[in-house]
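So the structure is just underneath, and the comments pick up after that.
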Amino acid sequence: MNNHNKYKLRKFTCLGCGKEVEMRRMASRTKYCSRICWYKSKDRPQLKTGNLVKCLLCGKEVYKPKNQLDRVSNSFCSQSCANRYQKETDQKDGMRKNGIKSILKQLKSKKPTKLEIAGNKILKEIGIQFEEQVPMFEKFIVDVLIEEKKIVIQWDGEYWHLKKINKDRDNSQDAYLKKCGYKVLRYTDKQIKKDREWVKKDLCIKLNQ
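Going by the numbering used here, the final residue of the sequence shown carries number 286, and the count climbs one at a time with no gaps.
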């Protein structure tokens, strides 16, 4: 008897996906076309002993026994993915810590500019309670925070803030703050210098909306 005839073709219906399958070299007791179908089958007696887990790094689904589901290390499809994830997490933590140190250093050394003094004076005339030079989300510092109204005010010197690199950074900060539920108001040094009363009136309107 040759090998070709030894392993006859078998036809069966997969209990997992329901497809008609025709395969050679298949044991007569086989009821599934693949391991994935076996894992997902509702008729599998061992179903409650484990589950499919999506890898936190690459997204690949792998089966994990019940006694491993609570382990953080088993949230990955392989040790390689676990190591890469840990490395990236450590790098992010390092960047965050460096960012906090940078913010604290800025706060310690920074003195209010003439523009910030002039802008804050307008707010005091309006009679609004506010905080100056406030770190936000361990990412950056805002000139003015009115937490009660969820409003951030930035006093912008046109010379610096019209440069593309600074403009892009401002847009990124504004988008992040808006996503976190804050309204962002920006006024320039030229607006305060040439039309102070308009700035004051505009602030009164927007702070009371």
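Where a beta carbon is used, it is the ideal one built from N, C-alpha and C, also for glycine.
Buried/exposed call for residue i, threshold 16 Cβ in 10 Å
| i | result |
| --- | --- |
| Q231 | buried |
| I282 | exposed |
| E193 | buried |
| C257 | exposed |
| L239 | exposed |
| L86 | exposed |
| Y109 | buried |
| Y236 | exposed |
| T265 | buried |
| W275 | exposed |
| D272 | exposed |
| F153 | buried |
| M172 | Here M172 scores only 49 on pLDDT, less than 50, and its place in the model should not be relied on; the value that follows carries that caveat. Flag for M172 reads exposed. |
| G196 | buried |
| I269 | buried |
| D233 | buried |
| G136 | exposed |
| G95 | exposed |
| I242 | exposed |
Endpoints, the alpha helix (DSSP H) within which residue i is located
| i | result |
| --- | --- |
| I199 | 191–203 |
| E235 | 235–238 |
| L254 | 241–256 |
Per DSSP, cross-strand counterpart(s) of residue i
| i | result |
| --- | --- |
| V261 | V229 |
| Y109 | Paired residues: none, contrary to the question. |
| F217 | M213 |
| K141 | N128 |
| E224 | None; E224 has no bridge partner. |
Extent of the continuous beta strand (DSSP E) run through residue i
| i | result |
| --- | --- |
| R87 | 87–90 |
| E54 | The displayed coordinates of the chain run from 78 to 286. Any statement about residue 54 would go beyond what the structure contains. |
| E99 | 97–100 |
Does the pairing of the region 257–271 with the region 222–238 give three or more beta-carbon distances under 8 angstroms? yes
Say whether the region 88–107 touches the region 129–140, bearing in mind that this needs 3 or more beta-carbon pairs closer than 8 angstroms, one atom from each stretch. no
Counting Cβ pairs closer than 8 angstroms, one from the region 216–226 and one from the region 193–208, do we hit at least three? yes
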